[in-house]
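Numbering-wise, the working numbering puts 178 at position 176 of the sequence shown, and it's gapless, one number per residue.
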Amino acid sequence: MRILFMGTPDIAAASLQALLDAGHEICAVFTRPDKPVGRKQILTAPPVKQLAVRYGIPVYQPRTLRDGSSDALIQSLAPDIIVVVAYGCIIPPQLLHVARYGCINLHVSLLPKYRGSAPIQWAVLNGDTQTGVTIMQLDEGVDTGDILMVEPVAIDPEMTSGELFDAVSAIGAKTLAAALPKIAAGELHPQKQDEALATKAPPLSKELARFSFAEPAAHIHNWVRGMNPWPMAFFEYGGKKIKVCASRLAENPDRAAPGTVLALKPLTVACGEGAVTLESVTPEGGKPMTGTAWAAGRRLKAGDSL
Numbered sequence: 003m004r005i006l007f008m009g010t011p012d013i014a015a016a017s018l019q020a021l022l023d024a025g026h027e028i029c030a031v032f033t034r035p036d037k038p039v040g041r042k043q044i045l046t047a048p049p050v051k052q053l054a055v056r057y058g059i060p061v062y063q064p065r066t067l068r069d070g071s072s073d074a075l076i077q078s079l080a081p082d083i084i085v086v087v088a089y090g091c092i093i094p095p096q097l098l099h100v101a102r103y104g105c106i107n108l109h110v111s112l113l114p115k116y117r118g119s120a121p122i123q124w125a126v127l128n129g130d131t132q133t134g135v136t137i138m139q140l141d142e143g144v145d146t147g148d149i150l151m152v153e154p155v156a157i158d159p160e161m162t163s164g165e166l167f168d169a170v171s172a173i174g175a176k177t178l179a180a181a182l183p184k185i186a187a188g189e190l191h192p193q194k195q196d197e198a199l200a201t202k203a204p205p206l207s208k209e210l211a212r213f214s215f216a217e218p219a220a221h222i223h224n225w226v227r228g229m230n231p232w233p234m235a236f237f238e239y240g241g242k243k244i245k246v247c248a249s250r251l252a253e254n255p256d257r258a259a260p261g262t263v264l265a266l267k268p269l270t271v272a273c274g275e276g277a278v279t280l281e282s283v284t285p286e287g288g289k290p291m292t293g294t295a296w297a298a299g300r301r302l303k304a305g306d307s308l
C-alpha cells in the first residue's frame, strides 16, 4: 500500500518502522519542524524525520496544514492512505478524503475513553488496570472518528507512564501494521463511538503534579507513577519541592495522621488512607536519592510530620 505518513515523536517513529518492515511503500513523511533541544538548545530533527532520512524517504515539515499550502503537494503524492500517529498538527477537512482509504489514526487508548493529548498518563493516574490502542478513521473532531480496530494493553500496578508508553508504542505499531492489509481487503467495518462513554485526557502540567499526604495512598502512588517521567509528582517540605520518582504502597496500622513519618528505612509516610513508601526522591535543586537518604539529610525521625 502507498502510504503518506504523518507523525513526529518516538511512538510515531516506532509505527513508521513497523510499516517499513511490513514492506509498505512510504511515499513521503510529514512531520513537525526541527526544534531546539536540551540546555544548549541544539536544533534537532524529530524522531520520525531521522528515521525517514535514513531510509531516503522525502520529508516535509510545514508549520501548519490548515492554510492549504500543502494541499496540492499531498494530492500529487497520490497516496492510497494517510496514516497519522502523534503528528501534532490538525488535519483539515479537505485532506481527510484525498487518499483512496482516507486518513487513519493510531490513538493510544480504548476510545472513546481518554480523548486528548495525554491518554497514557491519565490511564496510570486513574489507576486503570487496562488501556489499549485504537485504529480509527479520522474525521473533523478530536479523536471522534469511527473505530476500525482495537488492541487491549494491560497496566501493571507498578508501571510508570514512561514504561506504559514503551509498551503501547510497540503494540500500537504492530496493530497498525496488521490493520492496513485488512483495510485494503475491506475486512474492517467502522464502528461509531459511544459519546456517552467519552472522557478527556488533557495535557499534564507541573502544578497538577503536586500531591498532599492527606490524599489516599493509592492516589499518591498512582500520581507518582503517572507523572513519571514528566513532570514528576511532588510534595512541598520547608518551602521546597520534593519530587517523588518511585513509591510503593504501605500500611498505616495505627492510623497515624496524614504526613506522619512512620519509618525511615525505608521512608514511609502516613496518608489520608493507608501509607506510602517514598523509594526515590529528587529535592529541589538536588540530585536523585533514596527517600531514606533524604530523610537522614533533613534529620527526620519517626513521628515527625511532612
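Just so you know, even glycine gets a beta-carbon here, dropped at the ideal spot from N, CA and C.
Asked, Found
"Contact check, residue 140 vs residue 106, beta carbons under 8 Å", "yes"
"Check whether residue 190 and residue 251 have beta carbons under 8 Å apart", "no"
"Beta-bridge pairing of residue 291 - partner residues as DSSP gives them", "283"
"3-residue-minimum beta strand (DSSP E) runs that sit fully inside the region 7-61, ordered along the chain", "27-32, 37-39, 44-46"
"Short Cβ contact (8 Å threshold) for residue 57 with residue 30", "no"
"Beta-carbon gap between residue 229 and residue 235 smaller than 8 Å", "yes"
"DSSP bridge partner residues for residue 250 (one or two, in chain order)", "279"
"Local Cβ density within 10 Å of residue 26, reported as buried at 16 or more and exposed below that", "buried"
"Euclidean distance between Cα positions of residue 116 and residue 201", "5 Å"
"Three-state class that DSSP yields for residue 221 in the structure shown", "helix"
"Cut-off 8 Å between Cβ atoms - residues of its own chain near residue 208, not counting five sequence neighbours on either side", "233"
"CB contact flag (residue 138, residue 85, <8 Å)", "no"
"Assigned secondary structure, residue 134 (DSSP; H/G/I helix, E/B strand, else coil)", "strand"
"Beta-carbon proximity list for residue 194, same chain, < 7 Å, skipping 5 on both sides", "148"
"Beta-carbon gap between residue 39 and residue 33 smaller than 8 Å", "no"
"Pair within 8 Å by beta-carbon distance, residue 177 and residue 110", "no"
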